[in-house]
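K.L.:
This is the structure I want to talk about, given as structure tokens.
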Amino acid sequence: MERYQSSKELRLTYKQLRDEAPIDLRNCKSKAIVSNVLALLESDFKGANIFLCYYPFGSEINLLPLYEKLLAEGRLLYFPVSDAKNHRLYFYKISDLKKDFHVGAYNIMEPNDTLKVFEYDINQNIICITPGLIFDRAFNRIGYGAGFYDRFLSDKPNIIKLAPCFESQLLASIPSQAHDIKMDIIITENEVLKGDKL
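Read left to right, the sequence shown gives residues 6 to 203 (our numbering).
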């Protein structure tokens with residue numbers, strides 16, 4: 006219970022801090038993060054063709070320019086639909102960042118469920134661009150509390166978990182448990198951190 010309370014307090018604190026940051030500053034930092042992600046993909050992941058993405062919401066990093074670039078390069082992009090009842094994620098392939106979406110659960114943009122659904126293959130080169138509220142330098146992550154991504158990623162070891170975040174969201178240490186999924190890469194506006202898996 007102590008961990009839960011601690012994580013809950015951290016979520017509230019850091020979401021408020023992110024929400025209160027000036028929009029111009031967030032936009033500037035978002036551009037730097039996108040630039041750092043693209044540079045990493047160019048240097049380390051030229052062969053990566055499948056990306057599991059998320060649609061930015063509220064004060065989250067604006068990753069739409071990244072997605073536009075990946076689509077223009079012919080990469081395959083999948084976005085999640087949340088099954089709130091079962092706390093599950095289902096990813097659907099999109100080809101248009103406007104036409105292929107509607108307002109879904111939690112008022113987050115979701116892909117139309119008539120699109121092609123993601124089918125996991127352990128032999129594929131897959132990168133999951135993973136959202137979160139807080140991260141630490143041991144590659145731990147605190148999300149929004151529902152456990153969607155921990156459940157989805159728990160049995161997919163070959164997926165590279167890439168977490169873009171503002172530097173202000175990156176702490177020295179945060180609470181974690183054995184079942185929490187660690188990130189492989191954390192990218193801020195100032196730095197790129199790579200885990201042992203890489």
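Think of the CB as a built atom: it goes at the ideal place given N, C-alpha and C, for glycine as much as any other residue. Note that the structure is predicted; figures quoted are calculated from it, not measured.
Out of Ser35, Ser40, Met188 and Leu176, which one is the CA nearest neighbour of Pro162?
P.N.:
For the residues Ser35, Ser40, Met188 and Leu176, the minimum Cα distance to Pro162 belongs to Met188.
K.L.:
Would you kindly work out how many angstroms separate the C-alpha atoms of Arg80 and Phe56, rounded to a whole number?
P.N.:
C-alpha separation (whole angstroms): 7 Å.
K.L.:
Within 10 Å of its beta-carbon, does Gln10 have 16 or more other beta-carbons around it, so buried, or fewer, so exposed?
P.N.:
In this prediction, Gln10 scores a pLDDT of 48, lower than 50, which makes its location untrustworthy; no coordinate-derived value is stated.
K.L.:
What number of angstroms, rounded off, separates the C-alpha of Asn195 from the C-alpha of Ala77?
P.N.:
Whole-angstrom Cα-Cα distance: 26 Å.
K.L.:
Compare the Cα-Cα distances from Leu120 to each of Tyr111, Ile99, Ala89 and Cys170 and report the closest residue.
P.N.:
It is Ile99.
K.L.:
Mapping the DSSP letters down to three states, classify Arg93 as helix, strand or coil.
P.N.:
It is a strand residue.
K.L.:
Using C-beta distances below 7 Å, list every residue in its chain close to Ser35, excluding the 5 sequence neighbours before and after it, in chain order.
P.N.:
Once the five neighbours on either side are set aside, the close Cβ partners of Ser35 are Ile66 and Asn67.
K.L.:
Measure the C-alpha to C-alpha separation of Pro5 and Lys51 and round it to an integer number of angstroms.
P.N.:
This structure leaves residue 5 out entirely; the chain is present only between 6 and 203.
K.L.:
Which of helix, strand or coil does DSSP assign to Ile164?
P.N.:
Note: Ile164 maps to coil in three-state DSSP.
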